[in-house]
Each structure stands twice: as structure tokens, then as C-alpha cells.
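The numbering of the sequence shown is this note's numbering, which starts it at 16 and goes up by one. The beta-carbon is built from N, C-alpha and C at its ideal position, and this holds for glycine as well.
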Amino acid sequence: VIIVTTGVWYILDNLTLLLFGPQYRDIQDNPLKGKMIEIGEIFISVPKLWGFFTAVVTAFGIYYFFKYTRTGRAIRATSLDRDAASLSGINQYKIYNMTFGIGAAVTGIAAVTLVPFYNIFPTVGVLFDIKGFIIVVLGGLGSIPGAVIGGIIIGLIESIGPRFMTATWTEGIVYGLFLLVLFVKPSGLFGVKYDW
Numbered sequence: 016v017i018i019v020t021t022g023v024w025y026i027l028d029n030l031t032l033l034l035f036g037p038q039y040r041d042i043q044d045n046p047l048k049g050k051m052i053e054i055g056e057i058f059i060s061v062p063k064l065w066g067f068f069t070a071v072v073t074a075f076g077i078y079y080f081f082k083y084t085r086t087g088r089a090i091r092a093t094s095l096d097r098d099a100a101s102l103s104g105i106n107q108y109k110i111y112n113m114t115f116g117i118g119a120a121v122t123g124i125a126a127v128t129l130v131p132f133y134n135i136f137p138t139v140g141v142l143f144d145i146k147g148f149i150i151v152v153l154g155g156l157g158s159i160p161g162a163v164i165g166g167i168i169i170g171l172i173e174s175i176g177p178r179f180m181t182a183t184w185t186e187g188i189v190y191g192l193f194l195l196v197l198f199v200k201p202s203g204l205f206g207v208k209y210d211w
């Protein structure tokens, strides 16, 4: 499945490059572009503030869905042990399709949130894939609060780091932290360790 998914991803990625070209694009008629809120000597970008609130609401919604709904619990059960979930009456194929749909919807929300302040290009997804993987591993697989905290940690490093060092060193610190967590606590900061 992973090989097929990677193959489809490469095909779509290169098809997008062929159709739109490699150049960066942005939204021309964006009413929020360049808007700032001034609080004393602090300037806050309105599109980034909108993105922050959207991310917080989405994260809480996903957390509630997985923690308190029947379908969310079925998804979690299937991810932990698909055979046991299937034996208890959960249709794992329906769960796989639903999970794919939820992932696509959340990706769409992220895209709509990022486009007002981020230039897009055909291979932009690779940057977010790698960063997202690092955040999830850092926070802990299967832990939504861990992913949120992992995202905050990486975001703070990337925001504050360039004030004291070059962007290259900042990226190095992010990857170094990722490797450190993998060596010291492979389950992540808030991940659950399973004994199979």
C-alpha cells in the first residue's frame, strides 16, 4: 500500500508540475494579505492569526471526535489492532475509507488556512510532509495533544531560532531534536508504549 501510495503521489506531483509549471503562486485578490493587528510594539499578521485559530479549533474537533464518538473510538481500535477490532464487529474497510476522508478534509482545511500567507508550488507538499512527520513522532504516535505540543515546539524553534542563528542551523536543531527523541524515547514525548 505504501509503495502504491508513493507511486500515485509521484505521478500527481509531476502531473501538477507539467500543468502549472514550477513557479511560485499566491492569491492575488486576498483581502487579508498584508493586514496586521498592532498591540503596542507587537505586530500580528491577520492571516497567521486566522490560521492559528483555525488550527486550534480543528485540533480540538479532532480530539473530541476520536475521544468521545463511537466512530472515533472505532478508528482508534482499528489502528491499535485491526484483527481484534474486526472480531468485535468493526468494519475495518469502512474505517479505512473514513480515515482517508478525514485526512483529506483536514489537509483541505490546512491548505485553505495556509494559502493566504504562503506561496504555493507543485512540490510544496513535501515540505509539510516531512515537517508533519517530525511533529507527530516528536509528540508521539496516536497522541493528538502530543502532536499539538510537538507542533508548538517546532514552531517556537523555527520562529525564535533565526533571531539568534542562521536558518540552516535552526533546521539542524529541528532535525537534531527529532533524532534525539527517536533515540531517547522512540514512542515520542506523549506517545503510548505498547508491548506486543
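Alpha carbon to alpha carbon, how far is Thr73 from Val121? Give it in angstroms, no decimals. Taking the sequence shown and counting its residues from 1, the one referred to as residue 121 is at position 106. Taking the sequence shown and counting its residues from 1, the one referred to as residue 73 is at position 58. Whole-angstrom Cα-Cα distance: 8 Å.
Report buried or exposed for Ala89, applying the criterion of at least 16 other Cβ atoms within 10 angstroms of its Cβ. In the sequence shown, the residue the question calls residue 89 occupies position 74. With 16 or more Cβ atoms within 10 Å of its Cβ, Ala89 is classed as buried.
Nearest to Pro201 (by Cα), restricted to the options Gly157, Thr181 and Glu173: As a working note, residue 201 is residue 186 in the sequence shown. Per the Cα distances, Gly157.
From the DSSP output, in three-state form, read off Ile59 for me. For the purposes of this step, residue 59 is identified with residue 44 of the sequence shown, where counting begins at 1. The answer is strand: DSSP assigns Ile59 an E or B state.
My output table needs one value for Met219: the three-state DSSP class, helix, strand or coil. Limits of the chain in this structure are 16 at one end and 211 at the other, which puts residue 219 out of reach.
Hey, quick one: how far does the alpha helix (DSSP H) through Ile145 stretch, first residue to last? Here residue 145 corresponds to residue number 130 of the sequence shown, with the count starting at 1. Run containing Ile145: Val139 to Gly154, per the alpha helix (DSSP H) assignment.
Check whether the Cβ atoms of Arg91 and Phe81 sit closer than 8 Å, and answer yes or no. Stepping through the sequence shown from its first residue, residue 91 is reached at position 76. Stepping through the sequence shown from its first residue, residue 81 is reached at position 66. Yes, the Cβ-Cβ distance between Arg91 and Phe81 is below 8 Å.
Whose CA, out of Ala99, Thr31, Gly176 and Tyr111, lies closest to the CA of Thr138? Locating residue 138 in the sequence shown gives position 123, counting from the first residue. Residue Thr31 is the option with its Cα nearest to Thr138.
Please list the terminal residues of the continuous beta strand (DSSP E) segment that includes Ile52. The residue you call residue 52 lines up with position 37 of the sequence shown. Counting along the chain, the beta strand (DSSP E) containing Ile52 begins and ends at Met51 to Ile54.
In the DSSP output, which residue or residues are listed as bridge partners for Ile135? Counting from 1 along the sequence shown, the entry for residue 135 is found at position 120. In the DSSP output, where bridge partners are listed per residue, Ile135 has Arg40.
Cα-Cα, which of Leu204, Thr69, Leu197 and Asn106 is closest to Arg85? Here residue 85 refers to the residue found at position 70 of the sequence shown. Of the listed residues, the one whose Cα sits closest to Arg85 is Asn106.
Helix, strand or coil for Phe75, going by three-state DSSP, please let me know. The residue you call residue 75 lines up with position 60 of the sequence shown. Three-state DSSP puts Phe75 in a helix.
Who are the near neighbours of Leu102 in its chain, counting only those whose CB is closer than 6 Å to its CB and skipping five residues on each side? Residue numbering aside, residue 102 sits at position 87 when the sequence shown is read from its first letter. Excluding residues within five positions, none has a Cβ falling inside 6 Å.
Is it the case that the Cβ atoms of Ile124 and Thr69 are separated by a distance below 8 Å? For the purposes of this step, residue 124 is taken as the residue at position 109 of the sequence shown. For the purposes of this step, residue 69 is taken as the residue at position 54 of the sequence shown. Contact flag set, yes.
What's the C-alpha gap between Gly147 and Gly87? As a working mapping, residue 147 is identified with position 132 in the sequence shown. As a working mapping, residue 87 is identified with position 72 in the sequence shown. So the alpha carbons of these two residues sit roughly 21 Å apart.
Looking at Val212: is its Cβ nearer than 8 Å to the Cβ of Leu129? With the chain covering 16 to 211 only, the question about residue 212 has no answer from this structure.
Starting from the Cα of Thr114, find the closest Cα among Gly165, Val127, Thr93 and Ile150 and give me that residue. Taking the sequence shown and counting its residues from 1, the one referred to as residue 114 is at position 99. Measuring from the Cα of Thr114, the nearest candidate turns out to be Thr93.
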